[in-house]
Every structure is written in C-alpha cells, then in structure tokens.
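Numbering (full-length UniProt numbering), first residue to last: 1 to 787. C-beta atoms are modelled at their ideal positions from N, C-alpha and C, and glycine is treated no differently. Quick caveat: nothing in here was measured; it's all calculated off a predicted structure. Everything on this sheet refers to the single structure shown next.
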Amino acid sequence: MTTGHQGKTSACCGGSHHSGEAVAIDPVCGMSVDTAAGKPQFEHGGATYHFCSARCHERFAADPEHVLSGAHRQAASQAPSGTQYTCPMDPEIVQDGPGTCPICGMALEPMGVPAGDAGPNPELVDFRRRFFWSSWLTVPLVLLAMGPMIGLGFIRDFVGEGRALWLELALATPVVIWAGWPFLQRAVQSLRSGHLNMFTLIGLGVSAAYLYSLTAVLFPSIFPAEFRHTGGHVAVYFEAAAVITVLVLLGQILELGARERTGTAIRALLDLAPKTARIIREDGTDADVALESVKAGDHLRVRPGEKIPVDGQVVSGNSSVDESMLTGEALPVEKTAGDSVTGATINGSGGLVVEARRVGADSVLSQIVDMVAKAQRSRAPIQKFADLVAGWFVPAVIGVAILAFIGWSIWAPPPAMAHALIAAVSVLIIACPCALGLATPMSVMTAAGRGAQAGVLIRDAEALERFEKVDILLVDKTGTLTLGKPSLVGVESAPGQSDDTVLGLAAALERGSEHPLAEAILKGAKARGLVLPTAEDFQSVTGKGITGRVDGQSVALGNAALMADMAADPAGLMAAANARRDAGETVMFLAVDGTCAGFVAVADPIKDTTRTALKDLAAAGIHVIMATGDNERTAKAVAAELGITDFHAGVMPAGKAKLIEDLQAAGHRVAMAGDGVNDAPALARADVGIAMGTGADVAIESAGITLVKGDLTGIVRARHLAKATMRNIRQNLFFAMIYNAAGVPVAAGILYPVFGLLISPMFAAAAMSLSSVSVISNALRLRSVKL
C-alpha cells in the first residue's frame, strides 16, 4: 500500500466520498465516475480513488504522487487551447471545435494524435442511444401499419382504424423528430450552403413521408380522391419515415464503428509504449515512475524481457532487442554501450541502462503515430473523380425523384398520388451517395494503419497512389543498399608520411562531420590509440569531402575532385586506390598544405536483405538504378556484386535530381530511395520519395514514404500495399457506381410496367445502408493484406 495524502478526500478530487454521494472524479483524466458501476479503484494515503478506465487506474498506480501533484496535466496545459477538427471525407475542412462538415455533412473529428486513453466517439455513443430507443418504437409501429399485409391484421382491427392512425403518429413522431434530428439538421444546413449531399436526400425523403402522413391524419378532408384507398381513407407512411430513420442510424453506426476500427493501428502503436519506467535516482536506487514524468537525460534501467520506455542511448550492458513491433523485422538487434534504442521495443535476455534522449512527442513512436494520423486524413488524387461525380449526382437524383413523382401521378393506378410519393421517396433514399464518398477515404485510412504495422509509413495518400505506377527506382548506395555502418579497412601514406599521421589528421577533420564514413574513421583511429589534434575552420564541400585547419596546416579529405580543387595530385597513390575500389571499398584522399599525403579506405557491407529485395522489385516490374557519389570503380564493384546493370557514379546531389528529371521526361514514373542530406533534392523531385528511417531528418521530411527499418524489403512491402490499396479503391468505386446505376431506376419504377415491381422506401433505406456496409467491409480487408 502506498502512502501520501492523509485522511479521506472528497469526491471532487477523486477520493472516497461522503455517504449519499454516488459520483467521484477520476484524478487522472477528470471524468465523472459512477462509484457503484464497478469501476477500478485504488487505495492511497488513506483515501480511495475511483477511475473511469483500467488505463487511468494503471497510470495512477504507477506514480500516485505524480498524478496528485498535477504534473501529468502540465503538457496538456502547454498545448494550444483549441483543438482543431476536420472532416474524414473532406480534410480541407478545418475548424476550431466540433461540428459538421459543410460539404458532406459528416461529423468533424479531432485532428492530431488521439489520446491513448481516449474514449469512444461521442457521436457513435449518441447514435447508438438514438437507435436503441427508436427501434423499440419502430417495431410496434411496423406491426401496426404492415400487419394486414403479413397476416397480423387483427392488431389493427383491435385498435380500430381511427385510433391506429393517431397511434402511428404518436410512435413515429419521436423517431423522426428526436432520433432523426441530426440528419434533419444536416439536410437544412446543406440546403442553406448549397452543398447538396447524402443528408439532403435523407432529409427530403423522411420529411416528405412524415409531413404528408401528418397532414393526412390532421386534415384528411383536404385530399382529393387520387390520394385515397378503396376504403376511402388517405394512406399514411409513418412506418416508412420511421424505418428509414432507424436504418440510416444503423448505417451511420456501422460506418462510425468501421472508422474507429481503422484507428486500431494507431491505438495499437500507442499501446506499445510501456506505462511506467524504472528510473535510476542520484543515490543509485531504482524507482518505478509514470512514463510521462521521464525527462531527457534520465538514466533508466531496463530488465530482461521488459519494453524499453523511451528513445535513448545504451549507457551500459548488452542485450538483443526485438524491434519487430516498429520495423516488421523478426530478427533481434544486438545493442551495446553507445548504441541507440527506440522506445516500445522489447529487451532480450540482457540488462541495459539507457539514457533518455527523446521523450514524449519527440520520440520515434510518437512521430510514427502522428504521421499515420496525417496520412489517414489525406486525399488520393483518385478521390477527385468521386468528388466530381458526387457534385452533380445529388441534384440529378432530386431531378429524377421529381420526374418519378410526376410520371406516377399521371399514369399510375389509384391511388396515383400515393404511388407517386412512394416512388419519389424511394429514389431519394436509395440514391444516398454515402458509399461513393466512403470509397476512397476508408481504403486510405485502413492502408495507412496497415503500413505502419509493417514499418512502412505513408505521408499522404497521393504518394501511395503514385507508387503503384512507379516503374523505375533510383537508389543511393550508402545506407540504402549497404548497412550505412562502414568500417576502416586500410590506410596508405605517401613517401615521407606515416599511416598514423594520415589517419590522425583524417580523424581530426571527421570529428566535425555527420557522414557515416566519419564514424568509421574515428573508430579506426580510436582502435589504434591515436590522440587526435583539434580541427578548426571545418567546412563540408557537398559531394566532394571536407576541409579545415589542423595544427596550423591546411587539410582536406575527400575524393579526386576535391584533390583537384586543392591542386593536390594523388597520382602516386592511384594504383593502390584503384585496387581497393575494384574490391568495393571507398577511398578518401588526404591533402596537407596542397600535397597529397595518403588515403584512407573504408568498406560498407551490403545489407543481408538487399539481394532478395532487388529480386522482388524486379519481379514487381520495377527497374532499379543505383546513383552514388562514390567513384566509378567502387560503384561498379557494388553493382556487379548485386546484379545491378544500370548505375551512375560520382553523382552530385543536383545530378541525382537531374537524372530523375531526365527519366521523367522520357515518360517514366520514378521513385527515389535514400537516407542522407544529399538525397533530399532527389527525394523531393521524384514522383515518390522513399526515406530510410535510419537516415537524416531532412531526407525523411522530403519523402512521401518512410521505411522505419531503412531496408529495401520495406520498398517491396510498400509496393504491395500501394497495389492492394488502389485495387481496393477501384473496387469500392465500382460497387458504389453500379449500385446507384441500378438502384435509382428500380426505385423510380422502371420495372413496374413489366414485372409490377415497385420497391418501398423502407427497402430503399435498407439497400442504401447495405451499399455503405459493402464498401466499408471491402476497405477493412486491407487490415489483413499480406505485405
């Protein structure tokens, strides 16, 4: 039992409450809690605290004092005060606070990353309540109205015709007015704004059926003979208005539930993070604290089998870490002192001490979740087709409904006007374009979540659509085909120089560089026990190398082009350098005061998965071209080893972008995969930029797709995902178009002259809901697509 605040606390602060009180406040989230509902509770400091959910209970139990101090709310208080909301089908609509979309009428959803303990969609909860109570009223209404047609006429006979009409009115009114109020509001809004949508049709159909029936009950004498049945009374359609409302509610519930399920991937990612961390205090003792209280610089102990709490660097210990939850790769990665680790990955059998580096919103996991959330709200170019169709579709349907009403009122058998009303309402209801509007967004939302589970992060839907059509993939060498973790394999010095001098000067310069080769040179110098002098006036020459001053000498380290700039002739070392290049090694020459003093050779091993990935890409119809800043000999050796027939060596950053431009001019769709700062221009110029998640931030910002693992196999997965998603979208659009093309004429009565078939508004409402369900179900299949 923990200790803390003494004595009982009142219900307002979440503790045990005085007699007669039934509500407490969750100290974590601030929500009201019914203490009699069996919710979780926790004893602390002599008080009982009640919680709305198990997650809030876990957060409190991990560090009660942290929660009670209010520190867990500090981050929230520093956030912008107004949450922005956007439409899931029209993401260009953004406003402060909740509301409905002025274009499609859908309820707006909060932007940004959802809270890990966020409750269910409030609109979904509201619609379920409306559906529950309206269903209880609609069932007896249907039995009363339709009883004579299904052998239950005795119910109406028992009630009496006159009283039956008033009873139908009493049962239908709360269903239409209360349960259907959200739809009626959106219909009015659409008429005011001029953006006709699905709710326009629903509102017109339900209102026509209900108001006509209401008038028939209150003022039956105003109706002429054309509206009357054989018995002389005017037909009413309360049951149609009520059933349509109930079925539309059901369709909305299914749709909202499906949209929540597309967020399963985000919630699953959020749940990957542990709730607590074991912090090492200054006195050397350990303490479990809430994850939110961990700060950059804290040292954390990670025991075998535990999840790593935050992004950081291993201080001591060694272990293998399972990173499959974020990267999709099954093999664990060995970690020792100095290696970086990612939050939410699972430690193996060894113990680690980790220094926290990136916490909260800065962590890799948070950035992944944010990217997935943004991708799910983006629009694919193919959506423009659906928008174009929807733009003229609703007015056209209203026109068809008017024509159907006129035609039936003139040529239909008695009661002609009643038949005309049925046909018009059926056309309005069955033609609801919700399936057309859902066709693209549902697939994109589901695909973005599925990609995140496989380590493929989609920045926007446009990148996904473009990648399906890519036929050429341009790849960098270092960090893309190779591990990006080179090692020093040789040092050659010119006459009058020593290997240690050459390596020491090279390492002194590289201390100011972030290039992957720099680490290899520094590690090599450290392994030889060299004491490195201090470099000054460090400068990076893009595509060539680096320069600076060391111990008063002008020093340059780079390729032959840099040596030419420095007027340092490496001719005496070229034979040895070329031999190493032919073996696939990278050579960097060192010049001191304008004279070539030697070179260092570095080798970067090819990734184990590269060869298999290249074969799979070829099988997928993608031609791979390697473009590298390395020299011709090294590039040729690597290309030959991997079976790449098309490569370009000595390519500057601008040259890669120009190469892509030339390929595009020739009619190709080009994707570029890279991980360095020098790849950013090419990534931005390509039809689809693919960044390795292990690379530079600027490369990731320039890309449409990011591979968490930084592995070519991720490109194969992205290709499969792109093809599956676009195929799914086309299927959805086909379902929606065929459904409407067939449904509207049937509802208008085209089959009546031949088959005597006229569908009722209730059947039309059921068919409308089923069309949306078919699109939703098809989109959700992407959750299980094999990548």
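Who are the Cβ neighbours of residue i in its own chain at under 7 Å, not counting the five residues just before and after it?
| i | result |
| --- | --- |
| L522 | A507, E510, R511 |
| P140 | L171 |
| A525 | L503, G504, A507, L532 |
Does the separation of the CB atoms of residue i and residue j fall below 8 Å?
| i | j | result |
| --- | --- | --- |
| A613 | L683 | no |
| I472 | V638 | no |
| V651 | V502 | no |
| V321 | P304 | no |
| L204 | L428 | yes |
| A423 | W408 | yes |
| I279 | F131 | no |
| V315 | A337 | yes |
| L300 | A277 | yes |
| N732 | V775 | yes |
| Y85 | L108 | yes |
| G312 | A361 | no |
| A583 | S487 | no |
| L247 | A765 | yes |
Three-state secondary structure (DSSP) at residue i?
| i | result |
| --- | --- |
| K469 | coil |
| A345 | According to the sequence displayed, residue 345 carries Thr and not Ala. Looking at T345 - three-state DSSP - the assignment turns out to be coil, as it is neither helix nor strand. |
| P110 | strand |
| residue 874 | It is not possible to answer for residue 874, since the shown part of the chain is limited to 1 through 787. |
| F127 | helix |
| S760 | coil |
| H5 | Its pLDDT being 35, under 50, H5 is placed unreliably by the model, and nothing is read from it. |
| C56 | helix |
| D322 | strand |
| I750 | coil |
| R357 | strand |
| E334 | strand |
| I715 | helix |
| D593 | coil |
| Q497 | coil |
| I690 | strand |
| V775 | helix |
Going straight from the alpha carbon of residue i to that of residue j, what length do you get?
| i | j | result |
| --- | --- | --- |
| C101 | Q95 | 10 Å |
| A447 | E468 | 13 Å |
| V698 | A657 | With a pLDDT of only 44 at V698, under 50, the local geometry of the prediction cannot be trusted, and the value read off the model is given with reservation. Cα-Cα distance, rounded: 16 Å. |
| T706 | I690 | 6 Å |
| S443 | A779 | 5 Å |
| A576 | L590 | 14 Å |
| P413 | L144 | 25 Å |
| S293 | E323 | 24 Å |
| D662 | L617 | 22 Å |
| G317 | V353 | 6 Å |
| P570 | H648 | 23 Å |
| A172 | E239 | 7 Å |
| A179 | F158 | 29 Å |
| G147 | V785 | 47 Å |
| V142 | L757 | 21 Å |
| I244 | V176 | 9 Å |
| A627 | D476 | 5 Å |
| I308 | A241 | 56 Å |
| V746 | S193 | 30 Å |
Drop a sphere of 10 angstroms on the beta-carbon of residue i, count the other beta-carbons inside from all chains shown, and report buried for 16 or more, exposed for fewer.
| i | result |
| --- | --- |
| S498 | exposed |
| V531 | exposed |
| V456 | buried |
| I430 | buried |
| F42 | buried |
| S221 | exposed |
| K295 | exposed |
| G629 | buried |
| F154 | exposed |
| F755 | exposed |
| P394 | At residue 394 the sequence reads Val, which differs from the Pro that was named. So V394 counts as buried. |
| R781 | exposed |
| G674 | buried |
| A330 | Its pLDDT being 49, under 50, A330 is placed unreliably by the model, and the measurement read from it follows with that caveat. By the neighbour-count rule (16 or more Cβ atoms within 10 Å), A330 is not buried but exposed. |
With a CB to CB cut of under 6 Å and the five nearest residues on each side skipped, what residues in its chain are close to residue i?
| i | result |
| --- | --- |
| D687 | R466, R669, V670 |
| N197 | C104, G105, S190 |
| I402 | none |
| G328 | In this predicted model, G328 has a pLDDT of only 46, less than 50, meaning its place in the structure is not dependable enough to derive any value. |
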